[in-house]
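Numbering (my numbering), first residue to last: 160 to 334.
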């Protein structure tokens with residue numbers, strides 16, 4: 160029984176070491192790649208412009224609500240109860256409308272998200288397809304993205320696929 164277990168362990172160890180030697184790895188920096196795509200830069204500018212305009216619109220609404228509330232506080236002492244209640248309801252409704260607009264513009268499935276999907280997703284898909292093609296052509300088992308939260312302490316530059324992806328996308332880098 161010990162010989163069988165030992166034989167299985169040796170076979171498994173040999174198989175795993177062979178597999179790990181055969182596996183190829185590469186990495187890209189998606190921020191670097193996207194930052195060098197003119198269409199992506201333009202899409203980002205458009206998104207920033209829209210977000211700024213929408214933010215100003217929402218800030219105006221909240222400023223108006225603040226003004227309404229301050230005016231109400233001054234006049235509340237002299238207003239009859241029925242008018243106080245109407246003003247309070249108006250202020251609450253305006254505040255709810257502003258919050259609804261904020262959610263509509265910047266929420267999880269809001270206008271900004273939809274616009275980002277419309278403008279940026281096709282570019283990201285092109286980049287992904289280029290990475291996938293390179294990985295298949297060169298038999299990479301894994302391609303890591305060093306942008307964002309993934310931490311790679313050391314990466315051998317020979318596994319850097321950024322320039323290959325840029326070349327596949329038809330984008331030349333000016334040094």
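Glycine included, C-beta positions come from ideal geometry on N, C-alpha and C.
Straight-line Cα distance separating residue j from residue i
i: residue 220; j: residue 200; result: 30 Å
i: residue 234; j: residue 240; result: 12 Å
i: residue 243; j: residue 271; result: 37 Å
i: residue 164; j: residue 289; result: Model confidence at residue 164 stands at a pLDDT of 46, short of 50, so the residue's coordinates are unreliable; what they give is reported in the following sentence. About 45 Å.
i: residue 312; j: residue 294; result: Here the model assigns residue 312 a pLDDT of 47, short of 50, so the residue's position is not dependable and the matter cannot be decided.
i: residue 258; j: residue 210; result: 15 Å
i: residue 317; j: residue 298; result: 15 Å
i: residue 198; j: residue 333; result: 17 Å
From the options, residue whose alpha carbon lies closest to that of residue i
i: residue 329; options: 193, 258, 279; result: 193
i: residue 286; options: 316, 322, 230; result: 322
i: residue 279; options: 294, 184, 202, 264; result: 202
i: residue 320; options: 296, 307, 333, 266; result: 296
Same chain, Cβ closer than 6 Å to residue i, neighbours up to 5 away in sequence not counted
i: residue 182; result: 300
i: residue 246; result: 231
Distance CB(residue i)-CB(residue j) smaller than 8 Å
i: residue 185; j: residue 302; result: yes
i: residue 224; j: residue 187; result: no
Same chain, Cβ closer than 7 Å to residue i, five either side skipped, listed in chain order
i: residue 228; result: 250
Simplified DSSP assignment, three categories, for residue i
i: residue 302; result: strand
i: residue 187; result: strand
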